[in-house]
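Undergrad:
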Amino acid sequence: MRARSQLRTTLPALAVLSATLLLAACGGDEDGSAETERPDSFAEIAGAAQGQTVRWWMDGGDDRINAYVDDVVIPAAREAGVRLERVPVGDTADAVQRVIAQRRAGRESGGAVDLIWLNGENFAAGKEAGLWLEGWVRDLPNARFVDFDDPTIVNDFQVPVDGQEAPWSRAAFALAHDSEELAEPPRTYAALLEYLRRNPGRFTYPAPPDFTGSAFVRQVVAAMGEDRAFAYLRELKPLMYRDGETFPESADELNDLFANGQVDFAMSYEANFVAAEVDNGTFPQSTRPFVLGEGALVNVSYVTIPSDAANQAGAQVVANLLMSPELQAQKADPEILGIPTVLDVERVPPDLRGRFDELDESPYVLSDFGQVEQELPASSVEPLEQRWEREILRGD
Amino acid sequence: MVRRPLLARAGGLAIGLAFALPLAILGVRAFADTWRAPALVPQDWGLRGFEAAFGGGATVEAFGNSIVVALGATALALALGWPAARVLGERRLRRPGVVFVALAMPLLVPPYATGAGLTEWFIRLRIIDSLGGLVLAHLTAVLPYVVLVLLAGFGTKVTELEDMGRTLGLSPARRLAWVTLPSVAPTLAAATVLGFLVSWSQYGSSLAVGGGLPMAPLVLFPFIGPDPQTAAALSLLYVIPPILALLVTARAASSPL
Numbered sequence: 001m002r003a004r005s006q007l008r009t010t011l012p013a014l015a016v017l018s019a020t021l022l023l024a025a026c027g028g029d030e031d032g033s034a035e036t037e038r039p040d041s042f043a044e045i046a047g048a049a050q051g052q053t054v055r056w057w058m059d060g061g062d063d064r065i066n067a068y069v070d071d072v073v074i075p076a077a078r079e080a081g082v083r084l085e086r087v088p089v090g091d092t093a094d095a096v097q098r099v100i101a102q103r104r105a106g107r108e109s110g111g112a113v114d115l116i117w118l119n120g121e122n123f124a125a126g127k128e129a130g131l132w133l134e135g136w137v138r139d140l141p142n143a144r145f146v147d148f149d150d151p152t153i154v155n156d157f158q159v160p161v162d163g164q165e166a167p168w169s170r171a172a173f174a175l176a177h178d179s180e181e182l183a184e185p186p187r188t189y190a191a192l193l194e195y196l197r198r199n200p201g202r203f204t205y206p207a208p209p210d211f212t213g214s215a216f217v218r219q220v221v222a223a224m225g226e227d228r229a230f231a232y233l234r235e236l237k238p239l240m241y242r243d244g245e246t247f248p249e250s251a252d253e254l255n256d257l258f259a260n261g262q263v264d265f266a267m268s269y270e271a272n273f274v275a276a277e278v279d280n281g282t283f284p285q286s287t288r289p290f291v292l293g294e295g296a297l298v299n300v301s302y303v304t305i306p307s308d309a310a311n312q313a314g315a316q317v318v319a320n321l322l323m324s325p326e327l328q329a330q331k332a333d334p335e336i337l338g339i340p341t342v343l344d345v346e347r348v349p350p351d352l353r354g355r356f357d358e359l360d361e362s363p364y365v366l367s368d369f370g371q372v373e374q375e376l377p378a379s380s381v382e383p384l385e386q387r388w389e390r391e392i393l394r395g396d
Numbered sequence: 001m002v003r004r005p006l007l008a009r010a011g012g013l014a015i016g017l018a019f020a021l022p023l024a025i026l027g028v029r030a031f032a033d034t035w036r037a038p039a040l041v042p043q044d045w046g047l048r049g050f051e052a053a054f055g056g057g058a059t060v061e062a063f064g065n066s067i068v069v070a071l072g073a074t075a076l077a078l079a080l081g082w083p084a085a086r087v088l089g090e091r092r093l094r095r096p097g098v099v100f101v102a103l104a105m106p107l108l109v110p111p112y113a114t115g116a117g118l119t120e121w122f123i124r125l126r127i128i129d130s131l132g133g134l135v136l137a138h139l140t141a142v143l144p145y146v147v148l149v150l151l152a153g154f155g156t157k158v159t160e161l162e163d164m165g166r167t168l169g170l171s172p173a174r175r176l177a178w179v180t181l182p183s184v185a186p187t188l189a190a191a192t193v194l195g196f197l198v199s200w201s202q203y204g205s206s207l208a209v210g211g212g213l214p215m216a217p218l219v220l221f222p223f224i225g226p227d228p229q230t231a232a233a234l235s236l237l238y239v240i241p242p243i244l245a246l247l248v249t250a251r252a253a254s255s256p257l
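Chains A and B, in that order, give the protein sequences.
Here the first sequence stands for residues 1 to 396, where the numbers follow the working numbering.
Here the second sequence stands for residues 1 to 257, where the numbers follow the working numbering.
1. From 310(A), 41(A), 267(A), 174(A), pick the residue whose C-alpha is nearest to that of residue 372(A); which is it?
2. Closer than 9 Å, CB to CB, is residue 238(B) near chain A or not?
3. Please report whether the beta-carbon of residue 129(B) lies at a distance below 9 Å from any beta-carbon of chain A.
4. For residue 19(B), does the count of other Cβ atoms within 10 angstroms reach 16, so buried, or fall short, so exposed?
5. Just checking my contact of residue 65(A) with residue 342(A) at CB under 8 Å: how many whole Å lie between their CB atoms?
6. Would a check of beta-carbon distances place residue 306(A) closer than 9 Å to chain B?
7. At a Cβ threshold of 9 Å, is residue 162(B) touching chain A?
8. What is the rounded straight-line gap between the Cα of residue 29(A) and the Cα of residue 102(A)?
9. Going by alpha carbons, who is nearest to residue 89(A) out of 98(B), 224(B), 196(B)?
10. Determine, using beta carbons only, whether residue 168(A) comes closer than 9 Å to chain B.
11. Which residues in chain A have a C-beta closer than 9 Å to the C-beta of residue 37(B)? List them in chain order.
12. If I measure Cβ to Cβ from residue 148(A) and keep anything under 6 Å in the same chain, skipping five residues before and after, which residues do I get?
13. Is it right to say residue 307(A) is buried, meaning 16 or more other beta carbons lie within 10 angstroms of its own, or is it exposed?
14. Considering just the uninterrupted stretch of the beta strand (DSSP E) at residue 132(A), what are its terminal residues?
15. Kindly list the residues whose CB is nearer than 8 Å to the CB of residue 234(A), restricted to its own chain and excluding five residues on each side of it in sequence; keep chain order.
16. Go through its chain and collect everything with a Cβ distance to residue 35(A)'s Cβ below 7 Å, but skip five positions before and after it.
17. Should residue 25(B) be flagged as near chain A, meaning a C-beta pair shorter than 9 Å?
18. Does the stretch 265 to 273 of chain A come close enough to the stretch 172 to 189 of chain A to have 3 or more Cβ pairs within less than 8 Å?
19. Ignoring anything shorter than 4 residues or poking outside the stretch 264 to 323 of chain A, list the alpha helix (DSSP H) runs there in chain order.
20. From which residue to which residue does the alpha helix (DSSP H) around residue 63(A) run?
21. Are the C-beta atoms of residue 380(A) and some chain B residue less than 9 Å apart?
22. Going straight from the alpha carbon of residue 184(A) to that of residue 116(A), what length do you get?
23. Would you call residue 29(B) buried or exposed, if buried means 16 or more other Cβ atoms sit within 10 Å of its Cβ?
24. List, in order along the chain, the chain B residues whose C-beta lies closer than 8 Å to that of residue 358(A)?
25. Within the stretch 76 to 154 of chain B, note down every full beta strand (DSSP E) run reaching 3 residues or more, in order along the chain.
26. Please say whether residue 223(A) and residue 294(A) have beta carbons closer to each other than 9 Å?
27. Within this structure, are the beta carbons of residue 142(A) and residue 267(A) separated by less than 9 Å?
28. Taking the continuous alpha helix (DSSP H) assigned at residue 165(A), which residues delimit it?
29. If we count Cβ pairs, one from each stretch, closer than 8 Å, do we get three or more for the stretch 161 to 168 of chain A versus the stretch 376 to 392 of chain A?
30. What are the partner residues of residue 126(A), as DSSP defines its beta bridges?
31. Taking a Cβ distance cut-off of 7 Å, strictly less, list which residues of the stretch 166 to 192 of chain A are near chain B, in chain order.
32. Can you tell me which of 367(A), 260(A), 248(A), 170(A) puts its alpha carbon nearest to the alpha carbon of residue 40(B)?
33. So residue 229(B) contacts chain A; which residues on that side make the cut at Cβ distance below 8 Å?
34. Entirely within the stretch 78 to 124 of chain A and at least 4 residues each: give me those alpha helix (DSSP H) ranges in chain order.
35. Listing by chain order, which chain A residues have their CB less than 7 Å from the CB of residue 123(B)?
36. Just the chain A side, please: which residues come within less than 7 Å of residue 31(B) by C-beta, in chain order?
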């Protein structure tokens, strides 16, 4: 979730990657930082966390998520004896940069980043460089509600999580249409093509490497395989907005085109984006989400703790809270956020499960995303974006 | 003869509009809860932008921090830049070019590189994550601007006036207060405003060495793009301290001490 602005461009991610490679090349002293006397029970961790101030670095551009953290998570943390501070950043790569700088300066403790909400590429780069605290996730009490056999949870962009980050949110790729303008949207790839033959110019997607545009390409690739997907995208191009000569640069630009009636569809990797955009007045109230094809690309997003974090115990308490049925149910509530839970509701005790069953239906939030399309490996995202640029953008 | 003032007036009006219009649109956008094309005026007015802007409570603290750091960095830059500007402005150096390049280095090197280097060294020196550290980090960007502006105020004219003061028997302190400061007041004011502005808008270095301390640009930046209304609301508040700084220094520059 919210991965959109966590990865506005791949450039910062590249910078992180090159920096970590540099780190790996010049410093071999990665061991011995995190392995010092780990408390063996969560009670001890919770005890050590008392009075700690946890700085959680996260994207700060979504007022509803900010409000969820400020109004729900921070009070819950306070009750657990932890002071939680939200550090808003425009790009999570900035937080990873900070962790790398601490490592370069030779510090192994006292780091200013206690918890990061990060995307798969940044996680993979940091894992490679050994930046994250290891093996803490399954010891959290609320981890028992999570199905770690679920391949979408145990892998982050197909990189094994290995207990280095805790799931807290779920993303699913959805499109949106205005039900007043278009009662029934094209729900298959063939129908979309047919729709555009009749209504040329009424569709576009942000140009990869924009996060949303890249996800759209991956969604098509996941549905029909890479070569067929590219053939499809080539067929789509001349029927798109401005004859496919130009693409929006970002999801925000596409949202504006949709809101202003220049195209008929918006899209996002955020499962609840229609609710958010209606709430902030960007989309008309008649906007409805829908899934293109058999199912949506899904992805779980995680929080991780750097191995040099000053307040590791407090950070684990917060990560545990984020996975609690109470907080997950509030996050799934369309009135609050409407983001699907990462918990396996079957594992939640019946008295708490009710909160998930009783969630209000909202016209702005999908309850069923069809069959799950798994994310591609983190390492194949960039080659795909390059192929898109070569074959679709430049068109040879 | 008649046309020139008219033209000048029209030109002034055009320039004024060019400055005022974007701000006016910002003002409308900040209060527009719903504003979709093709409507020329918003469909719904409201305060959602300001509610979101102040949601977490860190916004007030961020503006406070930014003002303190900007004042500190500007004051320090003026104190450090003054002697440097004198030497450069009075052309006392044989090879000023070398000094100029060295001074401008923080502006020439990509901010990304400066930020990464500052973080690492501030951690080593243990001055990271504090307002003091932020003042020093901003100083690297503020100092070159302050020196470059300030040196224009010095030169033979000022030294001649100071020499006159000396022959009239003024003490060094009175000479500074009665002769030097009044004669460089306009450039001093310009350097102060510029220094304040440069510090006020530091995003990268604030993030790199602040360790999560709330600062005004850090609060504003994430909303640009995803949430134009909140970004506009914050921008309206964001321009207030620089405008105040401008007004205060403009007044100080025009009234002799």
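Here a beta-carbon is modelled for each residue, glycine too, at the ideal position from N, C-alpha and C.
TA: By the coordinates alone:
1. Walking along the first sequence from the start, residue 372(A) turns up at place 372. If we check each option's Cα against that of residue 372(A), 174(A) comes out closest.
2. Here residue 238(B) refers to the residue found at position 238 when the second sequence is read from its first residue. It does not: the Cβ of residue 238(B) has no partner Cβ on chain A nearer than 9 Å.
3. As a working mapping, residue 129(B) is identified with position 129 in the second sequence. Chain A places a beta carbon closer than 9 Å to that of residue 129(B), counting this residue as a contact.
4. Counting from one through the second sequence, the residue named residue 19(B) turns up at place 19. By the 10 Å Cβ count, residue 19(B) comes out exposed.
5. For the purposes of this step, residue 65(A) is identified with residue 65 of the first sequence, where counting begins at 1. For the purposes of this step, residue 342(A) is identified with residue 342 of the first sequence, where counting begins at 1. Contact flag wrong, Cβ pair sits at about 15 Å.
6. Within the first sequence, numbered from 1, the residue matching residue 306(A) stands at position 306. Output row for residue 306(A): interface = no.
7. For the purposes of this step, residue 162(B) is taken as the residue at position 162 of the second sequence. At a cut-off of 9 Å, the C-beta of residue 162(B) has no neighbouring C-beta in chain A.
8. On the first sequence, position 29 is the one that residue 29(A) refers to. On the first sequence, position 102 is the one that residue 102(A) refers to. The predicted position of residue 29(A) is uncertain, since its pLDDT is 39 and thus under 50; a value taken from the coordinates is nonetheless stated next. Rounded to whole angstroms, residue 29(A) to residue 102(A) spans 13 Å at the Cα level.
9. Your numbering for residue 89(A) matches position 89 in the first sequence. For the residues 98(B), 224(B), 196(B), the minimum Cα distance to residue 89(A) belongs to 224(B).
10. As a working mapping, residue 168(A) is identified with position 168 in the first sequence. Judged by the 9 Å Cβ criterion, residue 168(A) is not in contact with chain B.
11. The count along the second sequence starts at 1 and reaches residue 37(B) at position 37. In chain order: 256, 259, 260, 261, 262.
12. By 1-based counting over the first sequence, the position of residue 148(A) is 148. Only 154 meet the Cβ criterion.
13. Stepping through the first sequence from its first residue, residue 307(A) is reached at position 307. Residue 307(A) is buried by the Cβ-count criterion.
14. Within the first sequence, residue 132(A) is the residue found at index 132, counting from 1. Element bounds for residue 132(A): n/a, residue is neither H nor E.
15. Start at 1 with the first residue of the first sequence, and residue 234(A) comes out as number 234. Correct list, in chain order: 391, 392, 395.
16. The residue labelled residue 35(A) in the question sits at position 35 within the first sequence. Confidence at residue 35(A) is low in this model, with a pLDDT of 41, below 50, so its placement is unreliable and no value can be given for it.
17. What you label residue 25(B) is simply residue 25 of the second sequence in a count that begins at 1. So, not an interface residue.
18. At 8 Å Cβ cutoff, the stretches touch.
19. Those alpha helix (DSSP H) runs which fall completely within the stretch 264 to 323 of chain A and span 4+ residues are 273 to 279, 312 to 322.
20. The residue you call residue 63(A) lines up with position 63 of the first sequence. Where residue 63(A) is concerned, the enclosing alpha helix (DSSP H) stretches over 63 to 68.
21. The residue given as residue 380(A) occupies position 380 in the first sequence. Output row for residue 380(A): interface = no.
22. Taking the first residue of the first sequence as 1, we reach residue 184(A) at position 184. Taking the first residue of the first sequence as 1, we reach residue 116(A) at position 116. Roughly 40 Å separates the two Cα atoms.
23. On the second sequence, position 29 is the one that residue 29(B) refers to. Looking at its Cβ environment, which holds 16 or more other Cβ atoms inside 10 Å, residue 29(B) is buried.
24. Locating residue 358(A) in the first sequence gives position 358, counting from the first residue. Going along chain B, no residue has its Cβ under 8 Å from residue 358(A), so there is no contact; the nearest lies around 27 Å.
25. List check, beta strand (DSSP E) in window: nothing returned.
26. To locate residue 294(A), count along the first sequence from 1; it is residue 294. To locate residue 223(A), count along the first sequence from 1; it is residue 223. In this structure, residue 294(A) sits near residue 223(A), with a CB-CB distance shorter than 9 Å.
27. For this step, residue 142(A) is matched to residue 142 along the first sequence. For this step, residue 267(A) is matched to residue 267 along the first sequence. Against a cut-off of 9 Å, the Cβ pair of residue 267(A) and residue 142(A) comes out as no contact.
28. Against the first sequence, residue 165(A) aligns to sequence position 165. Note, residue 165(A): premise wrong, no alpha helix (DSSP H); beta strand (DSSP E) at 165 to 172.
29. No, the stretch 161 to 168 of chain A is not in contact with the stretch 376 to 392 of chain A.
30. Looking up residue 126(A) in the first sequence gives position 126. DSSP, once it has assigned bridges, lists no residue as partnering residue 126(A).
31. Residues passing the 7 Å Cβ filter: none.
32. The sequence position of residue 40(B) within the second sequence is 40, counting from 1. With distances taken between Cα atoms, residue 40(B) lies closest to 260(A).
33. Residue numbering aside, residue 229(B) sits at position 229 when the second sequence is read from its first letter. Within chain A, the residues near residue 229(B) are 280, 281.
34. Counting whole runs of 4 or more residues, the stretch 78 to 124 of chain A contains the alpha helix (DSSP H) stretches 92 to 104.
35. To locate residue 123(B), count along the second sequence from 1; it is residue 123. Simply 101, 102, 105, 107.
36. For the purposes of this step, residue 31(B) is taken as residue 31 along the second sequence, with counting starting at 1. Going along chain A, no residue has its Cβ under 7 Å from residue 31(B), so there is no contact; the nearest lies around 11 Å.
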